[in-house]
Amino acid sequence: MSTVGTQVGSGDRAWWMRRSFATLLCALAALYTLMPLIWLLFGVTKSLPDLYGSNGFAPSGGFHVWENVRDLFAQDGGLYGRWLLNTAVYAFGGAAVATLVSVAAGYAFDKFEFPGREKWYGLVIAGVLVPHTAIVVPMYLMMSEIRMTDTMWSVLIPVMVNPFGVYLARAYSSGAIPNELLESARMDGAGELRTFFSVGLRLMGPGALTIFLFQFIAIWNNFFLPMVMITNNDLFTLGQGLFVWNTAVDQNPDYTRMVVVGSAVATIPLILLFIPLQRRWRAGLTEGGIK
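Counting from 1, one number per residue, gives the positions in the sequence shown under the UniProt record's numbering.
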C-alpha cells in the first residue's frame, strides 16, 4: 500500500509540475504579447515631455487622453481620420470579397469532381508558400501597366485573393456540409448557385467568419503593399500615415506623440471586432473537423 501511495503521490507531483510549467510558459507568452499594448495604454495618457522623460510602463502625472485624441484627429487637417477611413475600406471590402471567393473555391474543390482538381488545388495552396513581400513588386509592375497605381484598387484587388482561406474553406466544407443535403437540394430543383448560397454558404458561416477575421486583420496591418502602391496622402493607410509622421519627427517633434496615440487608436477596431466574435471564430476553426 505504501508503494502504491508513493507512486500516486509522485504521479500527482509530476502532473502538478507539468501543469505549472505550462501555465508559466503561457503567462510569459501573454506578458510578452501584451507588453507593447500596455506601453501604448500608458503612452496615450502622457504629454510629449512625459513620453521622453518618464518610464514607459509608469502612468503619467496628468491624464491627457482626450487632449491627445483631439490633437490626433486635428493634426494636418484631420488626415488621421481619412487614413482610418481608408484602412476600414481596404479591410472590410478586401476581406468580404476574399471570404466569398475563398468559400466558393473551397466549396467547389470539395464538392465537385472535375479534371485536374487536386492539381489545381495544389497550385492554389502553393500560393501560401510564397512570401507576400516577394510578389508585391511584380504586382506593382502589373498595376503600373494598366495605370491603376495610386488608386484604391491597387490595394484592394491583390487582397481579394487568399489561398490560405481556400484551404480553410475546403477543410471546413468537408466536415460541415453533408453531401446528402446537397443532393436533396438538387433533387428539389435547385441549381448549383442556389444550392451554394442557400445551403452551402449558410452551413459554412462559422468557417467564413474565421476566414473574414484572418483576412481583415491581415489587411488592417498590411504595410508593404500600400507603401509600394500608394503615394497620395489622401489614400494612405494608418500604417503608412504613422510611418510618414514618424519619419518627420525631426521637423516636428510632436509627431512622436501623434504616432503613439495613433497606434493605440488603430488597435481599437481590431479589439472591438475580435473580442465579441471570439467564440464564433474558435468554433469556425474546430467545428469543421469535429462534424
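The C-beta atom is built at its ideal place from N, Cα and C for all residues, glycine as well.
Asked	Found
Taking the alpha-carbon positions, what's the Gly-288 to Gly-175 distance?	Legend: pLDDT at Gly-288 = 47, less than 50; position of this residue unreliable, value from coordinates given subsequently. About 5 Å.
So, does the region 194–214 touch the region 160–173, judging by three or more C-beta pairs under 8 Å?	yes
Per DSSP, what kind of secondary structure is Glu-113 in: helix, strand or coil?	coil
Can you list, in chain order, the residues of its chain whose CB lies under 8 Å from that of Val-128, leaving out five sequence neighbours each side?	Pro-163, Phe-164, Tyr-167
Quick check on DSSP: helix, strand or coil for Gly-93?	helix
Near Lys-111, what residues of its chain come up, given a Cβ to Cβ distance below 8 Å and the 5 sequence neighbours on each side ignored?	Ser-173, Ile-177, Asn-179, Leu-182, Gly-200
Decide if Ser-184 is buried, meaning its Cβ has at least 16 other Cβ atoms within 10 Å, or exposed.	exposed
Specify whether the region 61–79 and the region 257–264 touch according to this definition: at least 3 beta carbon pairs, one from each stretch, less than 8 Å apart.	yes
Is it true that the CB of Leu-156 sits closer than 8 Å to the CB of Tyr-90?	yes
Rounding to the nearest angstrom, what Cα-Cα distance links Tyr-140 and Thr-87 in this structure?	19 Å
Evaluate Tyr-52 with the Cβ neighbour count: other Cβ atoms within 10 Å of its Cβ, from every protein chain shown; 16 or more gives buried, anything less gives exposed.	exposed
State whether the region 238–246 contacts the region 222–230, with contact taken as three or more CB pairs (one from each stretch) at a distance under 8 Å.	yes
May I have the straight-line CA-CA distance separating Asn-232 from Phe-212, to the nearest angstrom?	28 Å
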